[in-house]
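Residue numbers (the numbering used here), protein chains in the order written: chain X, 945 to 1265; chain C, 51 to 415; chain R, 55 to 360; chain P, 858 to 1389.
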Amino acid sequence: MDFATIIELLDSAVRLGTPLLLACLAGLFSERAGIFDIGLEGKMLMAAFFSAAVAAVTGSAWLGLLAGIGGAMSLTLVHGLASITFRGNQLISGVAVNFLASGFTVLIAQSWFQQGGRTPQLSGNARFEPITLPGADAVKDVPVIGQIYDNLLSGHTILVYVAFAMVPLTWWVLFRTRFGLRLRAVGENPESVDTAGVSVIRLRYTAVAITGVLSGLAGTYLATGLAAGFVKEMTAGRGYIALAALIFAKWRPVPALGATMLFGLLEAISNRYPNIDLGVVNLPIQFMQAVPYILTVVILAGFIGKAIPPRAGGQPYVKER
Amino acid sequence: MEKTPKWIDVGLIPLLNLLIAFVISGIVVLLIGENPVQAIKVMIDGALGSPYGWGYTLFYATNFIFTGLAVAVAYHASQFNIGGEGQATLGGLGVALVCLAFPWPHWSIALLAAMIGGALFGAAWAAIPAYLQAKRGSHIVITTIMFNFIGASLLNYMLVNVLRPRGSMDPATARFPKSTYLPTFHDMPLIGQFFGKSVPANISFFIAVLACFLVWGLIWRTRLGYAIRAFGRSESAARYAGISPVKIVMAAMLISGALAGLMAINNVMGTGHRLVLNSVEGAGFIGIAVALMGRNHPFGVFLAALLFGFLYQGGGELALETTIPRELITVIQALVILFTGAFDNMLRAPIESFFVARANAKKEA
Amino acid sequence: EPAIIYDLGGKFDKSFNEAAFHGAKRWADETGGKYKELEMQSEAQREQALRKLAESGANPIVMTGFAFGDTLNQVAPDYPDTKFAIIDMVVDQPNVESVVFKEEQGSYLVGLMAGMASKTGTVGFVGGMDIPLIRKFACGYVQGVKAANPDAKVIQNMTGTTPAAWNDPVKGGEIAKAQISQGADVIYAAAGGTGIGVLQAAADGNILSIGVDSNQNYLHPGKVLTSMLKRVDTAVYNIFKEGTDIKPGIKVMGLGDDGVGVALDDNNKALVTPEMLKAVDQAKADIISGKVQVHDYMSDDSCPVK
Amino acid sequence: MSAADQTNAGRQATAALGAKEAATPAKVPAIELKGISKAFGTVQANKDIAIRVMPGAIHGIIGENGAGKSTLMSILYGFYKADKGEIWIKGKRTQIPDSQAAISAGIGMVFQHFKLVQNFTVLENIILGAEEGALLRPSLAKARKELKRLADEYELNVDPDEKIEELSVGHQQRVEILKALYRQADILILDEPTGVLTPDEADHLFRILDFLRKEGKTIILITHKLREIMEITDTVSVMRRGEMTATVKTSETSPEQLAELMVGRKVLLNVTKTKANPGDTVLEIEDLRVRDEDKVERLKGINLTIRAGEILGIAGVAGNGQSELLEVLGGFANGTGTIRVNGQDLDLTGKHSDGQSRRARGIAHVPEDRHHLGLILDFMAWENMIFGYHSDPAYQKNPLLMDNAGIIAHTASAMERFDVRPPIPTLPAKSFSGGNQQKIVLAREIERDPVLLLVGQPTRGVDIGAIEFIHKRIVELRDQGAAILLVSVELDEIFALSDRIAVMFDGQIMGERLPEDTNEKELGLMMAGVAT
Ligand SMILES: Nc1ncnc2c1ncn2[C@@H]1O[C@H](COP(=O)(O)OP(=O)(O)OP(=O)(O)O)[C@@H](O)[C@H]1O
Ligand SMILES: Nc1ncnc2c1ncn2[C@@H]1O[C@H](COP(=O)(O)OP(=O)(O)OP(=O)(O)O)[C@@H](O)[C@H]1O
Ligand SMILES: [Mg+2]
Ligand SMILES: [Mg+2]
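This is how it looks when you write it as structure tokens:
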């Protein structure tokens, strides 16, 4: 494998890892606040549809982005109502959210566009176009560094850069701000927050709202950056892979970057080399596709460092039985 | 302590929740510019209006009984088995391998062997998450989700690289031998005359009904069921009593996986007669809705499975007869799960506090 | 009343199924007739969908895609009075018409154009699901490319091994990008809905692409070199027109009877040079006359060129 | 002006007020509650409660388990909302919809179950909810300084950078107190603070409370221990079954009177029992060691013997290994060392160290916590009556099915014998009151004529009538020749029932005494680990 191929694979990994990263950070805010979220898939899908639909109609990717966030937000509200206000089962709510998105997007898409659950193809300003970083053309021919800068770092859509910027930002918010302290506390022991005079409900709604924004970005990137329009079920399990990455990263932002990029790289490799012949064994593509899930199970099993979720995760905050 | 009457808990509240789900679905239909009354008419006609419709409704219901029971059994041990999809997928593989392995002399023998095959494979696919939960505390919801995907990949590999007959382009197994075909409703005495040849409902339906009885007996009449329920209600108390958590989690999940795997006798062996990709079609997930609706009781599961069988068949007809996409049933299904599951407290809390207030008032008087 | 069932890619895949839809629609527009149509949601529904239509009295019933083959083989005998037609697959039943195409011929022609249009000498092929049928496309294409430029390199990728491979534009786009980085400057997508992503990535990467089945030149005007037309629309139209009189047996559609071809219109006018046109016309004539034999991959499951 | 500043101002105002008023007799109460009622479902936890607490005083609240003490204080602190009633703070009617309002009003509370974030540092826990601004750094710096001052002033030393999960219970409690002080509380509520402390630690706490009182702060102290009430409080209120039965000056009452107010009639803590007539050795424990999940050694080499027809009482402050001892003996914790019953070794690990195997060896166990261990609250009485013995052949109809009808009949008669009210086998366990729940457990375990009975806190939260009944049954079982291991945190109960007393401290047996040769004082010192 030559250098150019490696760069190309990494470049592809960045593109494919970005929706995972955004969704993973989305899940991080929710789960750190004690709300389990297996509905990331649904939120992304909803965002993908609404962003593509609005972008197609208005011709503006930015309006599409707003709509995408709105779409994800509507499901966040459902999940928040179920898990915060009605103190229901968060896992069941997550399952419902996924189904809701899966059915609703196609239903509306068919009703609006009559293209069998697709949106029209997006082109021009309806998509987020790649951005060439300053000087990329100039350094293009410098060996190694130039190639990395031009091919790997430059030439992604704005949402990719936003996603990467979200990693240090998330870390900073979580560990350096009052909001982050409270957020982590409410996921560990909501009573401590409540008795300290801070509203558990408001904190948790804020957290899931951030989840809505980030999963909205994830879905929007998928439909208007990575692809050029919505097709049904286009998230294709990415929400679950993001969830897997979240566990893999043990609910921490910087490892989340590593995990999602690793999973992105795996996808890039399996796109390019469907079958990997290691001499001894021939790894079929199906194996490559299953690797993120297998890795997550291994991590969950605690064979490589145990993943301990936030202590109050998954339980509704109930004061009076 | 006074409690709300039982009929409220298992009757009124689920029905009200269902009603809300349907009303909202109706609004969605209106939103996409269609007529909900017309839609429900098409669904009822298509699913219940003819023996043909019934044949499909009961066929789907059979799937959902198995997966609903699977979720319910695990639930009694307080395990949320979201992996019915993967377990049913693997069950299909087991059934297919049995059917193809041997020129079975008679369907009845083949059925017995296939039931063992399906149950074993389904149980095996539940075994690892169960073991990890019991021994290492890995959250079973996440592991079973992961196993759904791993299972899909495994089946994909088996169909594409191993089981596909030479020269075939489909990722599917070869046809099973004719001798493994299960009798459909059409082939049965007494009822056969009502059902056409194409009706897929088959003897598996009766096995599913039998499974309801067996699960009921297991949960409420046997020592194992007692231990499962005890563990499910209070893990700490179960430990005090000497009920081994590992054993119970394993037992409940193996039974759960086996039930999900058994579904394959219906959708793989009973019809189709070969194993194709995605033969489960989401039935594993619908099992969650079915168990929720049915309050984890086999009889409730049976009724809820009929309801979802109706939705499935009716939804299919809807797609054919109107311009409403089939995805409407996915939405209905989501709303049912949402309102009977996640939003349950929305109605339950006010209704229960009403009864508490009444009880308190009575006490005062 | 005739009926049509589309395969998993869906009616609006801008490609194979959409071509079938156009055929049906043309028939309806011309005759004012009505037809039933159904889209598959999953593999397991095939039989129900088919039986449902048969029970409802539809006749003839057309289905698009080889994947219906096995199911149709089972179902057809149960409805001896109904006529069925299947595209892309041979089903040997007395009431079934099987329509197959000589895709290798059309692919040869677009390969020829790709070979001539390529400046780098490297062209790409993105297939959908990895099955002999798609290899047949690839093999014809490679033969055409080599005919234009014997030194040309053809990068071949398949999208997957399951029907999901027909409907994954994101993956199609990624594969195309990888091929671009390897130097491909013309990419032929024979991948159903996945091809949309390939064409998009090619347009984004400022190289040429080749569409398939339907005329896809309009998707990115000036960026799609041409489309390999597979006249599924004509096939469906003809079947609907013949109605219950369709003849059971195998019907092969090739260059000779305009079953396959290349798309030329305003959208790619600027891209197609007169030499290309000439070469294509020449090759077409040679193939029809038998002077040029395009190897059919499915005849021996192998391709003489790489 | 931040909330902290506001309370600061408030604090100075009241401090001044307190100082001035110390001279004049007509004081405004620091806290006055009027007509507070609160129901949880059908449980009326607080009924029309009125109470006045004077500033600069320590006010005790006592009452049996479940009397409603914690509920009342949680209402004052804004954790629960009262159904009815008024709260007056420093003479002003105050709405306390949430804890924020309580904190602003100068109230701090140390809950019975601490409200700390386990994997946060002390400092992070202190500032949570009382941060200075949107960024943490300045808050942490300020808190560190303030913490040092408080530590010096009140002898409340804790390492500000230690994680809570690394701290002992006593230190965790200090963090809770520091939290309140950091928020400038001048009314401090402590809910059963000494339940988890050694007498030594408790003394330290009382010194601090005394100090705070001198500063003019108002303190509400909830406790079960009459001795503590008599020792430190100025006034005391008694609660019974959700009602406030009396408020008296401590100097004008006696423990006997308080006990009577608590339970509603004269307390009879003497069990009539004959002298023990011990037989052969039944239980021998040698060098028993137990580690918990975090690998911390909770039992550090226990040696004990009990003979047939003898009750061995284990005294000790909760959390010193008594629970672990019962768990190992009962078969749901692993250990090392030797345990012999009637001369035969018990497995301490592996699959024969479970409850089933123990029961097969004639060991019955009335666990400390009936809600989490002894009963399944959702199960009906009859299902609970066979809990742990459900595999007993007597309860099976055939190899496959259980004999449900037979079990129900058996349960009905056992309920009669043990005076469980109401005697309805199909009622779920949660519908019975605490005392009746305990009788169900007792009936199940005692009626099996065990060789060895393990009893933990047999009368916790049980009314006086039931206590007598339960004590009587335990003594009866002894007289039939069973060996009995009794664990209780109530010294009175230990004295009343035991034939021999062993004291546990920090996972070890500090020593053994005969009840007639010792007294509460001596045992108290042993429980604190200062004497053997
Ligand atoms: N959150 C709650 N939900 C429902 N019931 C509760 C709740 N908290 C307390 N109760 C009930 O209210 C009653 C009073 O409980 P509370 O905790 O106030 O008693 P307490 O006097 O503090 O007892 P203890 O001495 O055991 O701490 C009990 O019957 C209890 O079961
Ligand atoms: N947390 C709780 N949840 C539900 N019900 C409860 C709870 N706590 C108490 N109850 C019920 O409330 C009623 C009164 O309970 P409580 O424990 O206060 O009884 P009690 O009057 O103190 O009786 P006893 O003296 O026997 O303990 C009982 O029926 C009990 O089952
Ligand atoms: Mg209390
Ligand atoms: Mg009580």
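Virtual Cβ for every residue (Gly too), placed ideally from N, Cα, C.
Using only CA atoms, which one of the options lies nearest to residue i?
i, options, result
"C968 of chain X", "X:A1203, X:G1012, X:V1242 and X:A1082", "X:A1203"
"M1383 of chain P", "P:Q1365, P:V1360 and P:N1376", "P:V1360"
"T1104 of chain P", "P:K1254, P:L1118 and P:T951", "P:L1118"
"R1120 of chain X", "P:E1049, P:Q1029, P:I1303 and P:G990", "P:G990"
"V1128 of chain P", "P:I1327, P:Y1011 and P:S1111", "P:I1327"
"S229 of chain C", "C:V326, C:R273 and C:S158", "C:S158"
"G1073 of chain P", "P:N922, P:A1116 and P:V910", "P:V910"
"A1107 of chain X", "X:V958, X:K1263 and X:I1252", "X:V958"
"I115 of chain R", "R:K284, R:K295, R:L166 and R:G178", "R:K295"
Can a CB atom of chain C be found closer than 8 Å to the CB of residue i?
i, result
"S1214 of chain X", "no"
"F1275 of chain P", "no"
"T216 of chain R", "yes"
"S1037 of chain X", "yes"
For residue i versus residue j, is the C-beta spacing smaller than 8 Å?
i, j, result
"G1158 of chain P", "R1148 of chain P", "no"
"L1311 of chain P", "L1183 of chain P", "yes"
"T1051 of chain P", "G917 of chain P", "no"
"A138 of chain C", "M319 of chain C", "no"
"A261 of chain C", "F116 of chain C", "yes"
"L1103 of chain X", "T1164 of chain X", "yes"
"P1307 of chain P", "G1170 of chain P", "no"
"Y242 of chain R", "I264 of chain R", "yes"
"L1161 of chain X", "L966 of chain X", "yes"
"G359 of chain C", "I379 of chain C", "no"
"G134 of chain C", "A120 of chain C", "yes"
Going by other Cβ atoms of all chains shown within 10 Å of its Cβ, with 16 needed for buried, is residue i buried or exposed?
i, result
"L331 of chain R", "exposed"
"H1222 of chain P", "buried"
"K926 of chain P", "buried"
"D1138 of chain X", "buried"
"A337 of chain R", "buried"
So, does the CB of residue i fall closer than 8 Å to a CB anywhere in chain X?
i, result
"L985 of chain P", "yes"
From the DSSP secondary-structure annotation, give me the bridge partner or partners of residue i.
i, result
"P1285 of chain P", "P:M1237"
"Y1359 of chain P", "Per the sequence shown, residue 1359 of chain P should be read as Ala rather than Tyr. Answer by DSSP bridge pairing, in chain order: P:I1171 and P:E1369."
"I132 of chain C", "BP columns for I132 of chain C are empty, so no partner."
Would you say residue i reaches chain P, if we count a Cβ-Cβ gap shorter than 8 Å as a contact?
i, result
"R1148 of chain X", "no"
"R1255 of chain X", "yes"
May I ask you to check if the CB of residue i is nearer than 7 Å to at least one heavy atom of ligand 6?
i, result
"T1138 of chain P", "You won't find ligand 6 in this model; what it holds is ligand 1, ligand 2, ligand 3 and ligand 4."
Flag residue i as yes if its beta-carbon sits less than 8 Å from any beta-carbon of chain R, otherwise no.
i, result
"T321 of chain C", "yes"
"A1162 of chain X", "no"
"V1088 of chain X", "no"
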